[in-house]
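Take 1075 as the starting number for the sequence shown in the working numbering and just add one per residue. The C-beta atom is built at its ideal place from N, Cα and C for all residues, glycine as well. Since we're looking at a predicted model, the values are computed, not measured. Structure record follows, encoded as structure tokens.
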Amino acid sequence: VILAKLFFILVFISVLIFFSSLRPRIMVVHSLPEKDTWIEDFNTGFQRNLLSENHVTISYQYLESKFNLSEINKLKNGVLTRQTIDRLNPDLLVLCGSNAQELIGRTYMNRPGKKIIFCDLNTTFPGQDYDEARNVTNIFRSNPANAIKELISFLPAKKSPREKIKIILLGD
1075 VILAKLFFIL VFISVLIFFS SLRPRIMVVH SLPEKDTWIE DFNTGFQRNL LSENHVTISY
1135 QYLESKFNLS EINKLKNGVL TRQTIDRLNP DLLVLCGSNA QELIGRTYMN RPGKKIIFCD
1195 LNTTFPGQDY DEARNVTNIF RSNPANAIKE LISFLPAKKS PREKIKIILL GD
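Structure follows, in structure tokens:
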């Protein structure tokens, strides 16, 4: 009886470990420190949007390399983060900030089984070769004024001064 219970417990734990290993893993790597307000807001929004996806495992790494850090410490943090990535083996890397892109992204560019999303506050895609990588895409936060200006140039001319044009801008 005791052996049967022990066998059942071992099988149950093995099944749990097996199914846990099948869960998609996402790692978010931030250039900024964890207590930065932009990072806190990003993490809150990211978790809120994936709240219903309880089959996803999310982990976070903070390079803390944006401010007051020597070049040697930036490189050390990059090495430690890459070691963590290799150990946890996430399916998706979300790299936030140019230092995450430089210190982490290049290592995993075009690597089979890895997908990368690069996000930044900049308005252009930083880094060479990223636009040609098969496993990289990007998200940027930018001022939409130029896009709105271009959109208005495509609108048909108003028939009267009282005619209103309605533009809806979706954003954060």
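Three-way DSSP call (helix, strand, coil) for N1212 in this model: strand
Reduced DSSP secondary structure (H/G/I, E/B, other) of S1133: strand
Contact check, I1190 vs L1167, beta carbons under 7 Å: yes
Exposed unless 16 or more other CB atoms sit within 10 angstroms - verdict on F1092: exposed
Counted within 10 angstroms of its Cβ, other Cβ atoms place D1194 as buried (16 or more) or exposed: buried
Cross-strand partners of V1085 (DSSP beta bridge): DSSP, once it has assigned bridges, lists no residue as partnering V1085.
Sufficient close CB pairs (3 or more, under 8 Å) joining the segment 1100-1114 to the segment 1077-1089: no
Residue nearest to V1210 in terms of C-alpha spacing, selected from I1076, R1122, Y1182 and V1075: Y1182
Beta-carbon gap between R1099 and D1165 smaller than 7 Å: yes
Cβ shell of H1129 (< 8 Å), same chain only, five flanking positions each side left out: R1097 and P1098
Cut-off 8 Å between Cβ atoms - residues of its own chain near N1117, not counting five sequence neighbours on either side: V1102 and Y1134
Continuous alpha helix (DSSP H) stretch holding V1153: start and end: E1145 to L1162
Residue range of the alpha helix (DSSP H) that includes R1122: T1111 to N1123
Cβ separation of L1143 and L1177, assumed to be a contact under 8 Å, to the nearest whole Å: Not a contact, Cβ separation roughly 11 Å.
Pairwise C-alpha distance: L1090 and A1048: Since the displayed the chain opens at 1075 and closes at 1246, residue 1048 lies outside it and no answer follows.
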